[in-house]
Amino acid sequence: MIFHYCSVCGRVMMAHKPSEKDVMCCETPMTVLEPNRTESDMEIHQIVRRQIGYFLTVSLPKHPVMDLHHIEFIAIETDQGFQFRTIEKGQEPIANFILSKQENILHVYAFCNIHLLLRS
Ligand SMILES: [Fe+2]
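The opening position of the sequence shown corresponds to residue 67 in our numbering, with each subsequent residue numbered one higher.
(1) Does I113 come out as helix, strand or coil in the three-state DSSP assignment?
(2) According to DSSP, simplified to helix, strand and coil, what is E143?
(3) Applying the 10 Å Cβ sphere with the 16-neighbour rule, what's the burial state of Q157?
(4) Using only the heavy atoms of ligand 1, determine whether one of them is closer than 8 Å to the beta carbon of C178.
(5) Between which two residues does the beta strand (DSSP E) holding V89 run?
(6) Below 8 Å, is the gap between the Cβ of P130 and the nearest heavy atom of ligand 1?
(7) Provide the residue span of the beta strand (DSSP E) that contains Y120, from first to last.
(8) Taking C-beta to C-beta, are L184 and L126 nearer than 9 Å?
(9) My output table needs one value for R103: the three-state DSSP class, helix, strand or coil.
(10) Taking only heavy atoms of ligand 1 into account, decide whether any of them is closer than 8 Å to the Cβ of V181.
(11) Given a cut-off of 9 Å on the beta-carbon distance, is the pair N102 and H136 in contact?
Structural data, given as structure tokens:
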């Protein structure tokens, strides 16, 4: 999964494969985001997964829920595709997903408005 980020408006666009040309937003080329490894190690950015059967809950229980610092979305990448949940401002960073039979999680992502892309 590839995440393109606009440093002007903060928009994130996801793609299933790399683009041969610049992806544009706000008349500016978007940056390809890499997961923020330093910030991912911080306790507030720990991504917790809880799976029971086909039901998966992803949360960041210690992340602030403030206008100035919050999680904007949580996403999972699996061997069958990609699922995405928006987290509204003021909402706890918790997202529920339903997996298909024999679907395996490859990565779990969260996007913090300050620390950008986090991955577990
Ligand atoms: Fe953060």
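All C-beta atoms in this analysis are idealised placements derived from N, C-alpha and C, irrespective of residue type, glycine included.
Judging by the given coordinates:
(1) Coil, per DSSP.
(2) Here E143 sits in strand by DSSP.
(3) Classification for Q157: exposed.
(4) With a cutoff of 8 Å, C178 counts as near ligand 1, since its C-beta is closer than that to a heavy atom of the ligand.
(5) Taken as a continuous stretch (DSSP letters only), V89 belongs to no beta strand (DSSP E), as it is neither H nor E.
(6) Proximity of the beta carbon of P130 to ligand 1 is indicated: a heavy atom of the ligand is located closer than 8 Å.
(7) Premise fails: Y120 is in no beta strand (DSSP E) and is neither H nor E.
(8) Yes; because the gap between Cβ atoms is below 9 Å, this pair is in contact.
(9) The answer is helix: DSSP assigns R103 an H, G or I state.
(10) Reading off the sequence shown, one finds His at residue 181, where the question assumed Val. The nearest non-hydrogen atom of ligand 1 is less than 8 Å from the C-beta of H181.
(11) No, they are not a contact pair.
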